[in-house]
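Enquirer:
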Amino acid sequence: HGEISLSNRIETTVKDIKKGKILTQLRLSFSNKEITSIITTESAKRLNLKVGDKVVAFIKANEVSLMEIVDG
5 HGEISLSNRI
15 ETTVKDIKKG
25 KILTQLRLSF
35 SNKEITSIIT
45 TESAKRLNLK
55 VGDKVVAFIK
65 ANEVSLMEIV
75 DG
């Protein structure tokens, strides 16, 4: 088992859940910011996630994707 550093864990609140057949998209908020996480729908069911739940997000540096924000 690898060690988990404090820099790759964020305490968040589930703001939105969009379930698909295979994947589920979670919108998570922390410190007036938001991130989106994609997990398997099976994992979402197993965790029994609901909007408002407090969860810890673990971020793997090699699995970060960035999306440009376009104004207007």
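Per the working numbering, the sequence shown starts with residue 5, numbered consecutively. No residue lacks a Cβ here, since even glycine has one placed at the ideal position from N, Cα and C.
For the candidate residues Thr16, Leu53 and Asp57, whose alpha-carbon lies nearest to that of Asn36?
Expert: Position 32 of the sequence shown holds residue 36. The option with the nearest alpha carbon to Asn36 is Thr16.
Enquirer: Can you give me the start and stop residues for the beta strand (DSSP E) that Ala61 sits inside?
Expert: As a working note, residue 61 is residue 57 in the sequence shown. Start and end: Lys58 to Phe62.
Enquirer: To the nearest angstrom, how far is it from the Cα of Met71 to the Cα of Phe34?
Expert: To locate residue 71, count along the sequence shown from 1; it is residue 67. To locate residue 34, count along the sequence shown from 1; it is residue 30. Using only the alpha carbons, I get a separation of about 18 Å.
Enquirer: In this structure, does DSSP put Leu32 in helix, strand or coil?
Expert: In the sequence shown, the residue the question calls residue 32 occupies position 28. Leu32: strand per DSSP, three-state reduction.
Enquirer: Since Val18 sits in a beta bridge, which residues does DSSP pair it with?
Expert: As a working mapping, residue 18 is identified with position 14 in the sequence shown. Leu32, per the DSSP bridge assignment.
Enquirer: Between which residues of its own chain and Val55 is the CB-CB distance below 8 Å, once the five residues before and five after are set aside?
Expert: For the purposes of this step, residue 55 is identified with residue 51 of the sequence shown, where counting begins at 1. Contacts found: Val18, Lys19, Asp20 and Ile21.
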